[in-house]
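Okay, so here's the structure we're looking at.
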Amino acid sequence: MVGSVLMQRMREESDFDGIEAVFFSTSNAGGKSPAGNELLDAFDIKSLATCDVIVSCQGGEYTQRVVGPLREGGWKGYWIDAASTLRMADDAVIILDPVNRAVIDQALSSGVKNYIGGNCTVSLMLMALGGLFREGLVEWMSTMTYQAASGAGAPKMLELMRQMERLTAAGNATGSADALIVEKAVTAEQRAENFPAAEFGAPLAGSLLAWIDKDMPGGQTKEEWKGEAETNKIIGSKTAIPIDGICVRVGALRCHSQGVCVKLTRDVPLADLEAILAGSTPWTRFVANNKADTLRDLTPAAVSGTLTVPVGRVHKLRMGPEYLGAFTVGDQLLWGAAEPLRRMVRILREWKG
Ligand code: HSE
-13 MVGSVLMQRM REESDFDGIE AVFFSTSNAG GKSPAGNELL DAFDIKSLAT
37 CDVIVSCQGG EYTQRVVGPL REGGWKGYWI DAASTLRMAD DAVIILDPVN
87 RAVIDQALSS GVKNYIGGNC TVSLMLMALG GLFREGLVEW MSTMTYQAAS
137 GAGAPKMLEL MRQMERLTAA GNATGSADAL IVEKAVTAEQ RAENFPAAEF
187 GAPLAGSLLA WIDKDMPGGQ TKEEWKGEAE TNKIIGSKTA IPIDGICVRV
237 GALRCHSQGV CVKLTRDVPL ADLEAILAGS TPWTRFVANN KADTLRDLTP
287 AAVSGTLTVP VGRVHKLRMG PEYLGAFTVG DQLLWGAAEP LRRMVRILRE
337 WKG
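So for the sequence shown, the numbering used here puts the first residue at -13; every next one is plus one.
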C-alpha cells in the first residue's frame, strides 16, 4: 500500500520529471513496470548498484537482504526506505523534513547515505506537535494511540472490512430495532469460531486491540518503545525526552489518532501554545477546542487521504498549568509513510553539497 500511495503522490507532484527511474520487483521481474518498461529483479545487486538513489517500500526483510551486499560491493548511493531495519543505526537518519530538515541537511553534509522514514505514529505525532519540541517545551509526554488497520498492512485492513460485513449481517439478521437484541447477535458473531480473525488474532470490528507489535522488556510493546527512541532521534535531542503510553489498534481504516498529555518545561499561556502548535508545520491545522470543529475536522473520516494533520482538543489539564492535553489525527499512509520518502528524493535532487 505504501508503494501505491508513493507512486500516486510522485505522479501528482511530477517527481519523475528529470529523473531516470527504473523499477524493480521482488516477485514480478520481467513484468511491466509502472513506466511501461521491464521490471528488473530487485535481488540483482549489480543492477541495483547502477542507481544513484534507491527508494524501497518493500519492508525490513528486503532492506536486510540487499543493503549489506550493496554497501560491501562499494555502492555509494543513497538508500531511502520506510522500514525499521536501519532506522536506529548510527549511519542512518530518520526523515521527516518539515520537522527535522536541519538534521537531514547536517547528515547530507557529513556524507550519511541512509535516509529512513519513521514509524507512522511517531511521524504523525511530530507533524502535529513539532512546534512544542522546537520551542523546548516538552519535559515529557504520554501518548495514547488509536491506530488504523492500514498500519498493520493490507491483509489486515481487508480482514477488518470482512469483519464489519459479518457483524452488519448478524445484526440485520435479527430483524430487530432493539439495540440490545442487535448487540447480542453482533457480540455472539464476534465470538463465533469461524469469525474471520486470523490476521489480527481477535475481532477488531466493534472492538479494539491494546497490543501492537512484539513485546519489549519493561512491559512496553515495540510500537510504544519507538515513541521515545525515534522521536528523540528525529529531532536530534541531546538528552532523551521521556515519551511513553499505550498503543491501541482500532477499527479506523488509514488514519492514526492519538491523545497526548504533555508535561511542559514551563507554564506558557494557552493562546501561545495554540499558536506554536498551529505553526508546527505548514500541514498542521489547529482545530479550536469546541464540539462542532472537533467533529468536523478532527476525525479519521475527515482526514483520510489528505496531507492535513489536525491538532485539537488543546487545553490545560486539571493536573496543573504545566500539563497540556491535545488530540491529533493523521493519514498513516501519507505523512506516516510515503510522503517523507518522496520529499527526500526531492531534497537529494536539490542538494548542492
Ligand atoms: N507500526 C505501525 C502500525 C505502522 O502498526 O500501525 C506504521 O509505522
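Even for Gly, the Cβ is constructed at its ideal location relative to N, Cα and C.
- For the pair Q(-6) and A134, the CB atoms are not nearer than the 8 Å cut-off.
- Setting aside the 5 residues that flank it on each side, G137 is surrounded in the same chain by C106, H242, Q318, each with a C-beta closer than 7 Å to its C-beta; the list follows chain order.
- Listed in chain order, the non-local C-beta contacts of N275 below 7 Å within the same chain comprise G298, R299, V300, H301, local neighbours out to five positions each way being set aside.
- A contact between stretches requires three or more CB pairs, one per stretch, nearer than 8 Å, and the segment 200 to 213 fails this requirement with the segment 91 to 100.
- Secondary structure in the segment 6 to 92: the alpha helix (DSSP H) runs of 4 residues or longer, each lying completely within the stretch, are 31 to 34, 46 to 58 in chain order.
- Excluding five sequence positions before and after I198, the CB atoms of its chain that fall closer than 7 Å to its own CB belong to Q133, T207, E209, C233, R235, given in chain order.
- By a beta-carbon distance limit of 8 Å, L112 does not contact L250. Their separation comes to about 17 Å.
- Counting along the chain, W126 sits inside the beta strand (DSSP E) bounded by residues 124 to 132.
- The beta carbon of R73 lies closer than 6 Å to those of I80, I102 in the same chain, with the five residues before and after it left out.
- M143 and T280 have their C-alpha atoms spaced approximately 26 Å apart.
- For the set A288, T314, C37, the Cα lying nearest the Cα of G245 is the one of T314.
- Distance from I333 to D38 at the Cβ level is roughly 13 Å; contact not present, criterion being Cβ atoms closer than 8 Å.
- Contact between L25 and G17 holds, since their C-beta atoms are separated by about 5 Å, short of 8 Å.
- Across the structure, T225 and G104 are spaced so that their CA atoms are roughly 19 Å apart.
- As a beta-bridge residue in DSSP terms, F313 pairs with G245, G298.
- Annotation for L194: V234, R235, V236 place their beta carbon closer than 7 Å to its own, counting only its chain and skipping 5 residues before and after.
- In the DSSP annotation of this structure, G139 is not part of any beta strand (DSSP E), being labelled neither H nor E.
- For R335, the enclosing alpha helix (DSSP H) starts and ends at 325 to 336.
- The secondary-structure analysis by DSSP pairs N100 across a beta bridge with W65, A78.
- Pairing T71 with G46 gives a Cβ-Cβ distance under 8 Å.
- Within its own chain, the residues whose Cβ lies closer than 7 Å to the Cβ of T294, once the five positions on either side in sequence are excluded, are W269, R271, listed in chain order.
- The alpha-carbon of W61 is positioned some 6 Å away from that of A35.
- Taken from the Cβ of E209, at least one heavy atom of the ligand HSE lies inside 7 Å.
- In the three-state scheme derived from DSSP, where H, G and I count as helix and E and B as strand, F119 is classed as helix.
- Distance between G63 and V(-12), taken at the CA atoms: about 22 Å.
- Within the same chain, Cβ atoms closer than 7 Å to the Cβ of R282 are found at A288, the five residues on either side in sequence being excluded.
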